[in-house]
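Numbering (the working numbering), first residue to last: 104 to 385.
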């Protein structure tokens, strides 16, 4: 099957499933929402009062990054939303991280307006778990966020090299060269120095970080952790709870154990995840 045929087939399936986003990223490109996301008529319940916004990682589209977690949260009763951001040269989440945060800000406002919620919960993978901290710390977003849950987030950059997974980008010759977000996420970069110059947290939101010892992208894995008081921050290493879990960086959003951690964290009325929480090690 040709690439065009695959795109058309995927888009057709999305239409049948009702998962097309309401607006294209740019002319000629149709954004496909993950299952369960971007129902703009959804109103939060008393049990789940905060809409959940899913923020994908570098090179990722929302439909690929959140194909399993989004329907999981929707079936649990959450209003779920997702976005693409930072598109350059046809590849998502590769623009300068500060520019991408500027795109997150109006999306949060749109979700708040549509749902009537004063605050949202953010769940992000990799860059998507770190970039919201810029929105919260430098763009006045802290007042709009109840809880930030980072899945393998690049909070302090990586000492490794960020390259796309096979099949993650439309151009098979794409190497990540010229990827501004990749440069921003290197440990010690000017962006990382600015991001963390105000501390790891800001007043108001709660923070939960979920990491795997098998992370081969954001390394060392414990550089993902945030410093802050226990009432505001919980850092979780998956293998501390499920030692045999083999999950690595790219697939953490699809791990059933991670799904349980996320649901637990989002279920907290206030504060971050309970460090004593024990998921079912499936």
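Built from N, CA and C at the ideal position, the CB exists for glycine as well.
Computed from a prediction, not measured in an experiment: that's the story for all the values here.
Thinking C-beta only, is residue j closer than 8 Å to residue i?
i	j	result
residue 309	residue 240	no
residue 187	residue 150	no
residue 181	residue 159	no
residue 220	residue 147	yes
residue 254	residue 321	no
residue 324	residue 337	no
residue 233	residue 258	yes
residue 230	residue 183	no
residue 170	residue 138	yes
residue 156	residue 252	no
residue 176	residue 204	no
residue 211	residue 247	yes
residue 185	residue 140	yes
residue 249	residue 368	no
residue 383	residue 349	no
residue 166	residue 136	yes
For the alpha helix (DSSP H) that residue i lies in, which residues bound it at each end?
i	result
residue 204	200–218
residue 293	293–298
residue 173	172–178
residue 167	165–168
residue 235	230–241
For the beta strand (DSSP E) containing residue i, name the first residue and the last one.
i	result
residue 309	309–314
residue 362	Premise fails: residue 362 lies in the alpha helix (DSSP H), 359–369, not in any beta strand (DSSP E).
Rounded to whole angstroms, what is the Cα-Cα separation between residue i and residue j?
i	j	result
residue 277	residue 319	20 Å
residue 297	residue 330	16 Å
residue 311	residue 335	8 Å
residue 104	residue 261	With a pLDDT of 32 at residue 104, under the threshold of 50, the modelled position of this residue cannot be trusted; read the value that follows with caution. Roughly 37 Å between the two C-alpha positions.
residue 264	residue 283	13 Å
residue 347	residue 355	14 Å
residue 161	residue 227	11 Å
residue 379	residue 328	17 Å
residue 87	residue 216	The question about residue 87 has no answer here: the residues shown for the chain are numbered 104 through 385.
residue 280	residue 256	21 Å
residue 339	residue 236	18 Å
residue 285	residue 302	22 Å
residue 190	residue 198	6 Å
residue 153	residue 179	13 Å
residue 294	residue 225	21 Å
residue 377	residue 275	42 Å
residue 385	residue 267	28 Å
residue 344	residue 172	20 Å
According to DSSP, is residue i helix, strand or coil?
i	result
residue 192	coil
residue 253	strand
residue 286	helix
residue 140	strand
residue 301	helix
residue 197	coil
residue 326	helix
residue 161	coil
residue 356	helix
residue 112	Residue confidence is low: residue 112 scores 36 on pLDDT, short of 50, so the model does not pin down where it sits. Its coordinate-derived value is still stated next. Correct three-state label for residue 112: helix.
residue 130	Residue placement at residue 130 cannot be trusted, given a pLDDT of 38 that sits under 50; the coordinates are not used to answer.
Identify the residues that DSSP records as bridge partners of residue i: which are they?
i	result
residue 413	In this structure the chain extends from 104 to 385, so residue 413 is not present and cannot be described.
residue 340	314
residue 248	223
residue 261	289
So that I know if they touch, is there some Cβ in chain D lying closer than 8 Å to that of residue i?
i	result
residue 326	Structure shown: chain D not included; a single protein chain is present.
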